[in-house]
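**Student:** Let me give you the structure first, and then I'll get to my questions.
Residue numbers (the working numbering): 610 to 1564.
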C-alpha cells in the first residue's frame, strides 16, 4: 500500500549522484488481505494519541511505555497527559496496550463523525445518515446498422449487470439521448408489497421524450417526469426496470440529407440531467414511497420462505423414522419428541426474527440523507458528441483575411481617436497616437489568437483522421474540425457533478476518433473513470460495468502526508489537488485500486540515526451496509448508511550509505510508476519530443552512474603533466549487475515505442473499414490509444502500470506448470525456450498462444498439452484471477500458432523493432536512430555509447 522507489540515502549528495528518483507510490484504500471487503473501523479517530510537534498519529513504529511514547516521524517525546490518553494507554496496562489496533496494525481504519458537533451553532454530532446506492444510466441512442444493434445489445447486458449489482434498497434509472432526451419512468412490480397495497398494478408508463437545448435554460426534465419515477427502487421495481432496459432502442435516422450521421446532444443532455438531479434528488430520497420498508419486507419474506422450505425438508427426512417407530410400538413417544424438536426450532426462528427486527428498528433511527450521495452516472457513448453544447466537432472556420484584419484595426484606431475629439490637442501628441495604436493592436491580437486556435484545431483534426462518422445530419465530414473549447465545457460539467456528489464513469465504444481528450475531464473532475473499446462484439462490457458498480468508492477525500524532518515532500501525481496548506491534498473520489505518487527529497538535515518514516492519512466518506452486531458488512435488513472513515498508513524507509545499496534496494515497478507520471507531465508541458528526450537522458545517466558510482560523489585527483587519464568504466546498458534494475531498460524502451510518446500522426483506417483481406488491421492501435493510456496510468498502481507500458510475457511447460514468469518481448525468447504455451498480458488482452507443433507433440518430444486449457488447470485459474481483479477486464484470446490469426501476439513483441498492434510503433527515439536495426539490442548499444560519452566528459 506504501511503496518506495528506493531506500533513503543518508545525504542529499548521494541522492543526486545515484541517478534514481526517491519517491512514494501509495494505494490508500487497498485491502490488506487482498479482498474487496471494506475493513471495519477499529476505533474512533478522536481517541488516538497525536504527536505534539508534527501532529502525526501514534503507530506501530513508535516506542511506547507507561510514561509516554516517542514519535516515529520527528522523534518528539509525548506523554499521556490528556484524559483520553490516560484512559486508553496509561490505565490499560502494558499487556493490553500492546494489543491496541493502532500499535499493531500497519493500516488502521478509524471512525470519524460525519458532521462534527458545533457548540456555537448548537448542532449535535452526526455519526451517520441513511442513504441508498443509486445508479443513473445515460445511454447514447445513436447506434447505427447491424454493428450498432450488436453494440446496443451489449449495453443492455451491461445495464442488466448494473441492476444486478445493486442491493434491494438501491435506486436505478435509465435515460437515453440523441437529438432528444428520453426518460424511462417505471412503476412498482405487480408482485411487490407497494403494488399489492394499492390494488390493481398500474400499467408501465411510456417513455417520455423531449427536445433539449431549445431554450437558454435547456430542457426541464422535472416537468416531464419527477426524478423519483425514473430513479426507482430496485427491490420493488426490478421487473419494470428490466423491461425498460429491454425496450431501449436506437434513435431513428434524422432527416436533413447532405451526409452526416446520428446526432448526439450530450452537452445539453448533461446540463438538463444535472439540473434535474439537483432539484429533485432531495424529494426523491425523502419520498421513496416506502421503498426501504418494502425492501425490508421482501428480505423478510424471502428469508421466511427459505426457512419454511428447510423445515419441510427436515420433516420429510424424519417421516421414515417416525413410520419405523410406529411399527415398533413407540409411535406416541417419537411423535411427542418430534413435536418438541419442531417447536424448539420454531421458537429459535422466531427469536432470530425478533433480533433482526430490533436491528432493523435501530437503523431506522438514522436521519435520511438529502439526496443520493455518491450517485453513479454511467455514460455509454457510441460516437463523438456533435450537437449543441459540448460538441467535440465544429464547422471548419474560413481562414482569416489579412486585409480584413488590417481594415478592422485601422477602423478601431480611428474610433479610439474620436475619444479625444472634443479636446484641443495637437494631432501629433504621443498619447493620442498611442491610444489608437493600442486599439489596433488589440484587434490584431484577437485575430492572431483566433488563427492560432484554428491552427491547433486543424492539427488535432489531422491527427483524428476522417471525421465523417462525427458529422451531424446535413453536414459533410470534410466541413468539420475539432472543437478544443469542448474540453472546458466538460471540465465545468465534471466540477458541477462533483459538487452534487455525482460520480461520472464513461464507457466509450467506437473504432474511430471519439474526442476522448476532450471528454475526459467530465470523468476525472467528478472522480470517475474512462474505459475505451474499439468494438463491443467481444468486449467484456457487462463485467466492467458490474465491477464499476460493486467496487467500493470513497468520495470527499482529504489526504495528509507527513514525513520525517530529513525528507522534503516534492511534487504529487494522480488525481489530487494540493491545498494551500503544505502536505494537504484533496481528491474527489478514490477506489481501492487507485494510486497516488509523491516525490521525496533528502535534505541537508542531520538524521537521528533511526530510519526516516512517512505517514499517510486519508479521510473519506463511503456508503456502507448498515452495521449489525458490530460488523460493517452485516445486513441491517439491506439498508445502507453514509459514514466517515479515516485510514492511517505508516512506513519506514531503510537507509542506504552507498550507491550500491540504493541500486540493490530499488523497487523497479514503483520507480517506473513515478517516472511515467513525470514523463506524462513533461509531455503535457514540453510536448512528446521533450518528454522522450528527458526519459532517454535519465536512462543514459543511470547507466553511467551504475557503471561508475563514485564518479559524481568524489572529485578525481588532478593529473600530472604528461599523465594519461585512466579509461572510463565499462557501461552495461542492460543494468544486469543489479537484479532490481534489470527491468528498467525494457520499461524505458517500451515507453519510448508506445503510443504515449508517439508523435501525432494521421489516424489510420479503422478496423471496421479495412479491406476484406487485411486481417492484420483488426489488431491495430486505436486512434486514441494514447489518451486512454494516459487516463489509466494516472490512477493505476505500480504493478498494473508496468503491464500497461511493458506487456508481460510468460512461458508454460503445461497448463499446470509455469516455466518462467517473465521473458523479454522478442521472438528470440520463443525460439530459445521452446516452450509449448506462451501467455502475453498486455493489460487489455490476455493472449494464450500454443506454439507451432504443439498440437502434434513435436516441441520437446512431450505429449501435446490439451487445447483449450482445462477449466481446472493452473493456467485457467491464473487467467481468471487476472481478469477478476483488473478494473478493465482483459479480453481472453486462446490461439494456436499456424491455425489462428496470431498477429496480435507477435505485434506486441516490441523489442523486435517491428511491433505496433499492441501499443508500440517499433520506432526508437530520433536521438538513437541510425542503427541498422531499431530493435532493443540496437537501443542498448546506443545507450551504451552515450553513457560512455558522459563518463569520458566527467574525467
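Every residue, glycine too, gets a C-beta built ideally from N, C-alpha and C.
1) How long is the line joining the alpha carbons of residue 635 and residue 1127, rounded to whole angstroms?
2) Could you compute how far the alpha carbon of residue 1347 sits from the alpha carbon of residue 1228?
3) Does DSSP put residue 1456 in a helix, in a strand, or in coil?
4) Mark residue 1004 as exposed unless 16 or more other C-beta atoms lie within 10 angstroms of its C-beta, in which case mark it buried.
5) Let me know if residue 617 comes out buried or exposed under the rule of 16 or more other beta-carbons within 10 Å of its beta-carbon.
6) With DSSP collapsed to three states, give me the class of residue 1269.
7) Answer with buried or exposed for residue 1156, where buried requires no fewer than 16 other C-beta atoms within 10 angstroms of its C-beta.
8) Does the region 696 to 711 come close enough to the region 670 to 677 that 3 or more CB-CB pairs lie under 8 angstroms?
9) Using C-beta distances below 8 angstroms, list every residue in its chain close to residue 663, excluding the 5 sequence neighbours before and after it, in chain order.
10) Let me confirm a value: residue 1493 is counted as buried when at least 16 other C-beta atoms fall within 10 Å, else exposed. Which label applies?
11) Determine the closest residue to residue 621 out of 1515, 1364, 1426, 1209, with distance taken between C-alpha atoms.
12) Can the beta-carbon of residue 1434 be found closer than 8 angstroms to that of residue 1519?
13) By how many angstroms is the C-alpha of residue 1225 removed from the C-alpha of residue 1274?
14) Rounded to a whole number of angstroms, what is the C-alpha to C-alpha distance between residue 1104 and residue 1134?
15) For residue 1198, is the classification buried or exposed, using 16 other Cβ atoms within 10 angstroms of its Cβ as the cut-off for buried?
16) Contact between the region 1137 to 1146 and the region 752 to 771: three or more CB pairs below 8 angstroms?
17) For residue 651 versus residue 719, is the C-beta spacing smaller than 8 angstroms?
18) Along the chain, where does the alpha helix (DSSP H) that runs through residue 1396 open and close?
19) First and last residue of the alpha helix (DSSP H) that includes residue 1358?
20) From the DSSP output, which residues share a beta bridge with residue 1426?
21) Over what stretch of residues does the beta strand (DSSP E) that includes residue 1090 continue unbroken?
22) Return helix, strand or coil for residue 1205, following the three-state DSSP convention.
23) So if DSSP puts residue 1252 in a beta bridge, which residue, or which two residues, is it bridged to?
24) Counting only the same chain and skipping the five closest in sequence on each side, list residues whose C-beta sits under 7 angstroms from that of residue 709.
25) Would you kindly work out how many angstroms separate the C-alpha atoms of residue 1512 and residue 1304, rounded to a whole number?
26) I want to check one thing, is the minimum distance from the CB of residue 1085 to the heavy atoms of the ligand GTP below 7 angstroms?
27) Would you kindly work out how many angstroms separate the C-alpha atoms of residue 1132 and residue 815, rounded to a whole number?
28) On a CA-only basis, which of 1484, 1459, 1354, 1458 is nearest residue 1548? Give me that one, please.
29) Alpha helix (DSSP H) containing residue 632: first to last residue?
30) Whole-angstrom Cβ separation of residue 873 and residue 751, contact assumed at under 8 angstroms?
31) Output the distance between the C-alpha atoms of residue 1504 and residue 875, rounded to the nearest integer angstrom.
32) Which residues in the same chain as residue 1563 place their Cβ atom closer than 6 angstroms to its Cβ, once the five residues preceding and following it in sequence are excluded?
33) Can you have a look at residue 843 and say buried or exposed, based on whether 16 or more other CB atoms are within 10 angstroms of its CB?
34) Which of the three DSSP states is assigned to residue 776 in this structure?
35) Please report the distance separating the alpha-carbon of residue 1138 from that of residue 1113.
36) Have a look at residue 1285 and residue 1404 and give me their C-alpha separation to the nearest angstrom.
**Tutor:** In short:
1) Cα to Cα, the separation comes out at about 28 angstroms.
2) Here the alpha carbons of residue 1228 and residue 1347 stand approximately 39 angstroms from one another.
3) Three-state result, residue 1456: strand.
4) exposed
5) buried
6) helix
7) Residue 1156 is buried by the Cβ-count criterion.
8) Flag = yes, the region 670 to 677 and the region 696 to 711 touch.
9) 680, 682, 683, 685, 1171
10) So residue 1493 ends up on the exposed side.
11) The candidate whose alpha carbon is nearest that of residue 621 is 1209.
12) yes
13) In this structure, the straight-line span from the alpha carbon of residue 1274 to that of residue 1225 is close to 22 angstroms.
14) Straight-line Cα distance between these residues: approximately 6 angstroms.
15) Around the beta carbon of residue 1198, a 10 Å sphere encloses 16 or more other beta carbons of the protein chains shown; the residue is thus reported as buried.
16) yes
17) yes
18) 1394 to 1402
19) Where residue 1358 is concerned, the enclosing alpha helix (DSSP H) starts and stops at 1352 to 1362.
20) 1423
21) Per DSSP, the continuous beta strand (DSSP E) segment holding residue 1090 begins and ends at 1089 to 1091.
22) strand
23) Paired residues: 737, 1231.
24) none
25) 29 angstroms
26) The ligand content of the structure shown is nil, which means the ligand GTP is not present either.
27) 31 angstroms
28) The shortest C-alpha to C-alpha distance from residue 1548 to any of 1484, 1459, 1354, 1458 is the one to 1354.
29) Unbroken run through residue 632 is the beta strand (DSSP E), 632 to 635; no alpha helix (DSSP H).
30) Between residue 873 and residue 751 the beta-carbon gap is near 5 angstroms, inside 8 angstroms, which marks them as a contact.
31) 40 angstroms
32) 1320
33) Classification of residue 843: buried, given that the 10 Å Cβ count is 16 or more.
34) Three-state DSSP puts residue 776 in coil, outside helix and strand.
35) 7 angstroms
36) 11 angstroms
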